[in-house]
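Undergrad: For what it's worth, numbering that gives the first Met the number 0 labels the leading residue of the sequence shown as 0, then goes sequentially. Could you have a look at this structure, given as structure tokens, before my questions?
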Amino acid sequence: MRATTIHAPRDIRLSEVPDAAVELPTDAVVRVLAGCICGSDLWPYRGENDITEGATIGHECVGVVEEVGSEVGSFRVGDVVVVPFCHCDNTCAHCRAGVQSACTNLGMTRSGQAELARVTQADGSLVAVPGASGGTVDEELLPSLLALSDVMPTGWHAAVSAGVAQGGTAVVVGDGAVGLCGVLAASVMGAEKVVALSRHQPRQDIARAFGATHVVAGRGDEALEAVLEITGGLGADAVLECVGTDQAMRTAFDVARPGSTVGFVGVPHGVELPVRRMFSKNVGLAGGMAPVRRYLPQLLDLVTSREIDPGLVFDLTLPLADVAEGYRAMDERRAVKVMLRP
0 MRATTIHAPR DIRLSEVPDA AVELPTDAVV RVLAGCICGS DLWPYRGEND
50 ITEGATIGHE CVGVVEEVGS EVGSFRVGDV VVVPFCHCDN TCAHCRAGVQ
100 SACTNLGMTR SGQAELARVT QADGSLVAVP GASGGTVDEE LLPSLLALSD
150 VMPTGWHAAV SAGVAQGGTA VVVGDGAVGL CGVLAASVMG AEKVVALSRH
200 QPRQDIARAF GATHVVAGRG DEALEAVLEI TGGLGADAVL ECVGTDQAMR
250 TAFDVARPGS TVGFVGVPHG VELPVRRMFS KNVGLAGGMA PVRRYLPQLL
300 DLVTSREIDP GLVFDLTLPL ADVAEGYRAM DERRAVKVML RP
């Protein structure tokens with residue numbers, strides 16, 4: 000099969016690799032209808048993470064079930080499914096507690112930017128798209144369905160972890176696809192004021208379309224002053240940290256009012272928590288890797304009923320053959336998020 004592989008920093012290739020296959024009786028193989036590039040894929044692309052030369056990359060996809068293992072009972076060949084980036088049995092103690100991203104049988108999508116992807120724990124992981132049959136899906140819905148494999152549930156997890164509440168004020172740190180989905184989540188959850196920190200016009204436009212009531216282009220002290228002005232000097236009731244850098248985390252805690260919570264979903268890189276401020280202001284921290292399967296049924300209902308359209312984060316669609324250009328476009332911030340069509 001054709002699959003995206005990474006060989007060194009900024010060395011992305013489309014390669015021929017062995018087909019994804021059923022290896023365990025609980026597996027399924029999905030033929031990818033659409034995959035995409037994630038902001039977290041840029042960490043190894045930029046040399047910030049260790050790289051295994053020639054490894055496949057890509058963890059987000061929507062597709063059609065191509066093959067199932069002997070113990071898979073809920074899905075059959077031809078079903079159109081959303082593939083959570085983290086796979087789970089959805090029955091272990093951690094899954095039952097709503098932390099499917101820490102499943103005792105955790106697996107990950109390894110070739111979402113490819114023609115085929117193996118899904119471990121298929122019965123617990125996959126979610127069928129209602130009304131889709133015969134391997135076809137409404138093309139208008141496809142971008143939003145693809146967003147459900149990672150960025151929309153991750154933004155939602157940030158909002159849940161931060162305790163976004165009806166009538167409150169939420170501040171979203173980060174204007175990538177996850178941050179923008181966090182804006183959408185906070186808006187759906189009823190926050191009266193949703194403040195997006197963004198310095199880029201196209202991303203600001205999406206944030207407003209997703210329900211941002213305020214957009215702040217500054218950083219650091221400038222961002223803090225703007226948030227304090229918006230909140231009457233109090234700070235945010237809930238803060239969504241959707242980047243993963245030390246600067247983003249410190250900004251999140253700076254704008255958080257005493258007694259609030261920072262919900263963090265950005266993969267941490269070089270982060271040092273401001274423990275003294277956390278202690279003195281009673282500001283909490285919650286979140287982590289999103290338990291996608293926990294949120295998928297609710298979010299799928301919102302998408303298929305056209306109540307939300309998280310697919311707006313995809314502002315560039317490319318054939319899989321042009322995946323290297325997709326990485327360049329996101330790395331250079333010429334694109335918010337790139338969809339790939341095999």
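Ideal Cβ positions, reconstructed from N, Cα and C, are used throughout, including at glycine. Remember, predicted model here, so these are calculated numbers, not experimental data.
Once the 5 residues before and after V21 are set aside, which same chain residues still bring their CB inside 8 angstroms of it?
TA: Answer for V21: A27, V28, E66, V67, G68, R117, listed in chain order.
Undergrad: Would you mind stating whether R276 and Q99 have Cβ atoms separated by less than 8 angstroms?
TA: No, Cβ-Cβ distance for R276 and Q99 is not below 8 angstroms.
Undergrad: Three-state secondary structure (DSSP) at T230?
TA: The answer is coil: DSSP assigns T230 none of H, G, I, E or B.
Undergrad: Could you tell me the boundaries of the beta strand (DSSP E) in which D236 lies?
TA: Taken as a continuous stretch (DSSP letters only), the beta strand (DSSP E) holding D236 covers 235 to 240.
Undergrad: Count the other CB atoms, across all protein chains shown, that sit within 10 Å of the CB of V335; report buried if there are 16 or more and exposed otherwise.
TA: With 16 or more other Cβ atoms within 10 Å, it is buried.
Undergrad: For my contact list, G342 and V76 are in at a C-beta cut-off of 8 angstroms; report their separation, rounded to the angstrom.
TA: As shown, the chain starts at 0 and ends at 341. That puts residue 342 outside it, with no answer to give.
Undergrad: Leaving out the 5 sequence neighbours to the left and right, which residues in its chain are closer than 7 angstroms to A54 when beta-carbon positions are compared?
TA: Excluding positions up to five away in sequence, the list reads T4, I5.
Undergrad: Any idea what DSSP makes of M248, helix, strand or coil?
TA: Looking at M248 - three-state DSSP - the assignment turns out to be helix.
Undergrad: If G34 and Q112 are in contact, beta carbons under 8 angstroms, what's the gap, nearest whole angstrom?
TA: Indeed, because the Cβ distance is near 5 angstroms, the residues count as touching under 8 angstroms.
Undergrad: Quick one: using the 10 Å Cβ neighbour count with 16 as the cut-off for buried, is C95 buried or exposed?
TA: In the sequence as presented, Cys is not what sits at residue 95; that position holds Arg. Burial call: exposed.
Undergrad: Looking at the secondary structure, which residues open and close the alpha helix (DSSP H) in which R256 lies?
TA: First-last for R256: 255 to 263, but that is the beta strand (DSSP E), not the alpha helix (DSSP H).
Undergrad: Do you know offhand how far G123's Cα is from S148's?
TA: Whole-angstrom Cα-Cα distance: 14 angstroms.
Undergrad: Between P24 and R1, what straight-line distance do the alpha-carbon atoms span, to the nearest angstrom?
TA: The alpha-carbon atoms of P24 and R1 are separated by roughly 24 angstroms.
Undergrad: Please name the residue, chosen from M151, L13, D220, A251, that lies closest to P290 on a Cα-to-Cα basis.
TA: Taking only the C-alpha atoms, the option nearest P290 is M151.
Undergrad: Measuring alpha carbon to alpha carbon, tell me which of V322, D245, V254, L144 ends up nearest E306.
TA: Of the listed residues, the one whose Cα sits closest to E306 is L144.
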